[in-house]
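J.: Residue numbers (the numbering used here): 13 to 214.
Just so you know, even glycine gets a beta-carbon here, dropped at the ideal spot from N, CA and C.
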């Protein structure tokens, strides 16, 4: 288990499959709200508090996704009391309350969100170095969202692909339907190629 502080209100915890095996949790069971998974979650929160001073108090959002060979990445965000929109949240009441994780299919479609265009450009150039293609870029709620279809990323590239995207952005629970309805589509498909062509790195 490895803990990384991402900001004042956010922490990322990386679990290897060995970590899960040691607790008797298989890869499918991690998405279920069983006793062993609850105990694992609170172990993670205790480790986060001891190592980086991250303390759970009030509503939180939890994102979780699997890396095909490396393990499970869990991102926990402490939310303001009223910031519940588009998030899977839980109000902590007792030790049996486990947040519901956003658990997308690791080989399915997904969206990453970026704070600004510079982060998108950097991510696109890093993806191009991996010979990655595709992607649709949206602007929604003052941030950029990069959406990838299921068939745009080969299974053998997922580990490196997600590693690059997480370096510059974060996994977003915002759906394509939401982006199509309320966001502005900036680049429709082939966003990686278009960005790297028109926005060279400085």
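#1: For residue 169 and residue 142, which I take to be in contact (beta-carbon distance under 8 angstroms), what is that distance rounded to the nearest angstrom?
#2: Ignore the nearest five residues each way along the sequence and tell me which others in residue 25's own chain have a CB closer than 6 angstroms to its CB.
#3: Give the straight-line distance between the Cα atoms of residue 176 and residue 153, rounded to the nearest whole angstrom.
#4: Leaving out five residues on either side along the sequence, give the residues of the same chain with a beta carbon under 8 angstroms from the beta carbon of residue 203.
#5: Does the Cβ of residue 183 have 16 or more other Cβ atoms within 10 Å, making it buried, or fewer, making it exposed?
#6: Tell me whether residue 193 is buried or exposed, calling it buried when 16 or more other Cβ atoms sit within 10 Å of its Cβ.
#7: Which whole-angstrom value is the C-beta distance of residue 201 and residue 125, which I expect to be below 8 angstroms?
#8: Quick one, which of 189, 195, 165 has its alpha-carbon nearest residue 156's?
#9: Using the rule of at least 16 other Cβ atoms within 10 Å of the residue's Cβ for burial, across every protein chain shown, is residue 65 buried or exposed?
#10: Considering residue 51, what are the terminal residues of the beta strand (DSSP E) in which it resides?
#11: List the DSSP bridge partners of residue 78.
#12: Which of the three DSSP states, helix, strand or coil, is assigned to residue 73?
#13: Among 29, 123, 36, which residue has its Cα nearest to the Cα of residue 51?
T.: In brief:
#1: In the chain shown, residue 169 corresponds to position 157, counting from 1. In the chain shown, residue 142 corresponds to position 130, counting from 1. Indeed they touch by this definition, with Cβ atoms about 6 angstroms apart.
#2: Counted from its first residue, the chain shown places residue 25 at position 13. Excluding sequence neighbours, residue 25 sits near 15, 56, 86.
#3: As a working note, residue 176 is residue 164 in the chain shown. As a working note, residue 153 is residue 141 in the chain shown. Looking at the two C-alpha atoms, the distance is approximately 23 angstroms.
#4: For the purposes of this step, residue 203 is taken as the residue at position 191 of the chain shown. Taken in chain order, the residues that qualify are 136, 146, 147, 148, 149, 158.
#5: On the chain shown, residue 183 is found 171 positions in, with the first residue counted as 1. Its Cβ being crowded by 16 or more others within 10 Å, residue 183 is buried.
#6: Counted from its first residue, the chain shown places residue 193 at position 181. With fewer than 16 other Cβ atoms within 10 Å, it is exposed.
#7: As a working mapping, residue 201 is identified with position 189 in the chain shown. As a working mapping, residue 125 is identified with position 113 in the chain shown. No, residue 201 and residue 125 are not in contact; Cβ-Cβ is about 19 angstroms, not under 8 angstroms.
#8: The residue labelled residue 156 in the question sits at position 144 within the chain shown. Closest option to residue 156, Cα to Cα, is 195.
#9: Taking the first residue of the chain shown as 1, we reach residue 65 at position 53. The residue in question, residue 65, is exposed, as its Cβ has fewer than 16 Cβ neighbours within 10 Å.
#10: Along the chain shown, read from residue 1 onward, the residue named residue 51 stands at position 39. Residue 51 -> not in any beta strand (DSSP E); alpha helix (DSSP H) instead, spanning 47-64.
#11: Residue numbering aside, residue 78 sits at position 66 when the chain shown is read from its first letter. Beta-bridge analysis with DSSP links residue 78 to 84.
#12: One-based indexing of the chain shown puts residue 73 at position 61. Residue 73: strand per DSSP, three-state reduction.
#13: Indexing the chain shown from 1 puts residue 51 at position 39. That would be 36, whose Cα lies nearest to the Cα of residue 51.
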